[in-house]
Every structure is written in structure tokens, then in C-alpha cells.
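Asker: Take this structure, written in C-alpha cells, and hold onto it; I'll ask about it next.
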Amino acid sequence: MAAFEPEAMFAAAPVAALATVGPAGAPHLVPVVFAVHAGTAYTAVDAKRKSTRRLRRLSNIEGNPHVSMLVDHYDEDWAQLWWVRVDGRAEIHFSGEELATGYTLLRNKYPQYERIALDGPVVSVTITKWASWQA
2 MAAFEPEAMF AAAPVAALAT VGPAGAPHLV PVVFAVHAGT AYTAVDAKRK
52 STRRLRRLSN IEGNPHVSML VDHYDEDWAQ LWWVRVDGRA EIHFSGEELA
102 TGYTLLRNKY PQYERIALDG PVVSVTITKW ASWQA
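Numbered according to our numbering, the sequence shown spans residues 2 to 136.
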């Protein structure tokens, strides 16, 4: 088995679950694409079809910036199972350097962004804690 490198495995994962907390304390979990650079994870609101541009994850972050992101790997061979979670403080960027950085990192990681516009805000998560497990 290859060495378990949580930070590299997290960064290489194609999708994460982003957990935010709503005003009544209820968790809200959504899958997101993301990129990591220098201790910060970036995700963005892109042009894929959505029921609203006023996404619950954004309003939750405005009310409580503490978030978690989880990536995991499942395999029929349970000796190959692993997960990595980051906890951190999220900020929403509608312009500026963090928006540009997020867009660049996401375009570099996901070739789909050659066809789908990145036209919404970027959420940056300053990672404050790493947790992981492997079988």
C-alpha cells in the first residue's frame, strides 16, 4: 500500500463535501469541487444550473464562517478505505485577489471549466485543522 499522505490525498480528490451550519444550528452538506493552495481550500459558485444564486451555503457562511470539508475513498477492499477532513474559517469573495486565485486554481484542476463559466463568488477556507483516518 502506498504511504498515507492526508494533505496530498485531500488536494488530489475530485470532490469534497462542504459542511456549513444554518441559523438554527442544523448542518447543511453539499458536494463541491475545490482546489487547495498554501493552507487554503477554494471553491466557487459556477454557471451550472441552480435553483437560485442565493445559495444556502453562502448565507450559512455569512452567519457562521466555521466550516468542514470532507473527502473520502471507498473500495470493496476495506483495507483501502480512507477519509480526510479539514476544518476552517470560510470567507466569501465577490472580487479581488482571492477571487482570481480561486478561479485560476479551479481552472487548473478541472478541465470542465473550459466549457462552464466561473462567474460567481469564491469561497476560501483557511484550514485550521486536519483530521484523517485510513484502514
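Backbone N, C-alpha and C define an ideal beta-carbon position, used for all residues, glycine too.
1) Which residue's Cα is closest to the Cα of Ala-25: Gly-97, Asp-88, Asn-65?
2) Between Val-33, Ala-132, Tyr-114, Val-37, which lies nearest to Thr-21 when the distance is taken from Cα to Cα?
3) Put Ser-60 into one of helix, strand or coil per three-state DSSP.
4) Looking at Val-68: is its Cβ nearer than 8 Å to the Cβ of Val-31?
5) Tell me which residues share the same chain as His-38 and place their Cβ nearer than 6 Å to its Cβ, disregarding the 5 neighbours each side in the sequence.
6) Is Arg-86 helix, strand or coil by DSSP?
7) So which of Trp-131, Val-124, Lys-130 has the shortest CA-CA distance to Thr-102?
8) I need the straight-line Cα distance from Asp-1 to Glu-8, nearest angstrom please.
9) With Ala-13 as the anchor, note down where its alpha helix (DSSP H) starts and where it stops.
10) Determine whether the beta carbon atoms of Leu-82 and Ala-17 lie at a separation below 8 Å.
11) Below 8 Å between beta carbons: does that hold for Arg-90 and Ala-132?
12) Once DSSP output is grouped into helix, strand and coil, what is the label at Gly-121?
Answerer: This is what the structure holds:
1) Taking only the C-alpha atoms, the option nearest Ala-25 is Asn-65.
2) It is Val-33.
3) Reduced to three states, the DSSP call for Ser-60 is helix.
4) It is not a contact, given that the beta carbons lie outside the stated cut-off.
5) Residues of the same chain with a CB within less than 6 Å of the CB of His-38, apart from the 5 flanking positions on each side, are Leu-106 in chain order.
6) In the displayed model, Arg-86 falls within a strand according to three-state DSSP.
7) Nearest to Thr-102 by C-alpha distance, out of Trp-131, Val-124, Lys-130, is Val-124.
8) In this structure the chain extends from 2 to 136, so residue 1 is not present and cannot be described.
9) Its alpha helix (DSSP H) spans residues 7-13.
10) Taking C-beta atoms as the reference points, Leu-82 and Ala-17 fail to come closer than 8 Å.
11) A distance of 8 Å or more separates the beta carbons of Arg-90 and Ala-132.
12) Looking at Gly-121 - three-state DSSP - the assignment turns out to be strand.
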